[in-house]
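The C-terminal position of the sequence shown is numbered 451 in my numbering, with every residue numbered one higher than the one before it. Cβ coordinates follow ideal geometry from the N, Cα and C atoms, glycine included. Taking it in order: structure first as structure tokens, then the write-up.
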Amino acid sequence: MKSILKLSILSILMLTYCISAKAQTVKTPGSCKMYLDDKVVTEISVEAAIKWAEMEPPTVLCDDGKIYKLESFQISFLTLKPFMNQDFGVGLNGFPILARKAIANGKTGDTIILKKVTYTDEAGNKNELPIISLKIQ
315 MKSILKLSIL SILMLTYCIS AKAQTVKTPG SCKMYLDDKV VTEISVEAAI
365 KWAEMEPPTV LCDDGKIYKL ESFQISFLTL KPFMNQDFGV GLNGFPILAR
415 KAIANGKTGD TIILKKVTYT DEAGNKNELP IISLKIQ
């Protein structure tokens, strides 16, 4: 009888632990797209990219269905002609002016890459999003 009681208590404790561990797990989105004027922008023109880069903070819609306001991120701009990768450091709640100038001079095929992207959730916790890559059409 004692062993059944011990087994029942142990089972309840393990079940409680598993449920609480699952509830605390934050699901990170797999991909994010530019969110501008209350819609997802998939074909990014230079004009849309400039408008988005001037937002403070820029926003994205991720595959989990949530809209995120970007807090900080490392910015790179990849150009095809000439093939070159320019790093613009860290953006805090927006793009640095030199990154915005590079985007304004962008051409079809050039790509904006944001790495180490962070946002703050409703609970005040700082979380990271996946790399965001936006190709100019």
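Spatial distance of residue i from residue j (CA atoms)
i      : j      : result
Ala437 : Ile450 : 35 Å
Gln400 : Ile446 : 16 Å
Leu384 : Val431 : 7 Å
Met348 : Gly405 : 16 Å
Leu448 : Val360 : 11 Å
Ile411 : Val355 : 22 Å
Glu370 : Ser386 : 11 Å
Gly344 : Gly379 : 11 Å
Helix, strand or coil at residue i [DSSP, three-state]
i      : result
Ile364 : helix
Ile417 : helix
Met392 : It is Leu, not Met, that sits at residue 392 in the sequence shown. Leu392: strand per DSSP, three-state reduction.
Leu384 : coil
Ile411 : helix
Lys336 : Reliability of the predicted coordinates at Lys336 is poor, the pLDDT of 45 falling under 50, and the value obtained from them is presented with this limitation in mind. Note: Lys336 maps to helix in three-state DSSP.
Thr342 : coil
Proximity test, Cβ basis, 7 Å: residue i and chain C
i      : result
Met369 : Among the chains of the structure shown, chain C does not appear; only one protein chain is present.
Whole-angstrom C-beta distance between residue j and residue i, which should lie under 8 Å
i      : j      : result
Ile364 : Ile427 : Ile364 to Ile427, Cβ: 16 Å. No contact.
DSSP beta-bridge partners of residue i
i      : result
Met398 : Thr393
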